[in-house]
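Numbering (my numbering), first residue to last: 152 to 332. Built from N, CA and C at the ideal position, the CB exists for glycine as well. Note sheet for the following structure.
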């Protein structure tokens, strides 16, 4: 893994696979990291020089300053790409990475030769709703604040607690059901 220190004090780590002259930047999804691209890295054509970045707060990258918007991630990646001298590349985002990639392409179109989205989130994020007594979402009542979302007992708290407690069994079970099916 390589790393770059950004002007905001954050350190972004990234994987680099040697290849030809066509750069491809991979942006991972929520609660993942660049390691989730490993299988794909081995299968991509050799003419692609591939970069897989760990966004702020994911993988090995630091998280000193809170993220307030999707654009914060895009700004980090812009500085990272500029530091590496990347100015015309294919940008591919998965889930949260798709939202970040769309924001990046909208703000820095001169950098993005092609945009590839894989199961992308919206640029407005992923809505989380208040739950009823059965744990089902009440669609008419979206949660708005960070505090409300952090207290969500069905979608958010179990994940936060599993990460906080480093409960690998719970995390593995959740990943196997939701991601690797």
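Cβ-based neighbour list, residue 246, same chain, cut-off 7 Å, excluding 5 preceding and 5 following
180, 181, 270, 271 and 272
Around the C-beta of residue 227, are 16 or more other C-beta atoms found within 10 angstroms, so that it is buried, or is it exposed?
buried
What residue does the beta strand (DSSP E) around residue 245 start on, and which one ends it?
240-245
Taking all protein chains shown into account, decide if residue 295 is buried (16 or more other Cβ within 10 angstroms of its Cβ) or exposed.
exposed
At what residue ranges does the stretch 244-322 contain a whole run of the alpha helix (DSSP H), taking only runs of 4 or more?
247-258, 297-301 and 308-315
Please work out which residues of its chain come closer than 7 Å, Cβ to Cβ, to residue 280, disregarding the five sequence neighbours upstream and downstream, and give them in chain order.
288, 289, 290, 292, 293 and 294
Tell me the residue span of the beta strand (DSSP E) that contains residue 167.
162-168
Measuring CB to CB, does residue 199 end up less than 8 Å from residue 160?
no
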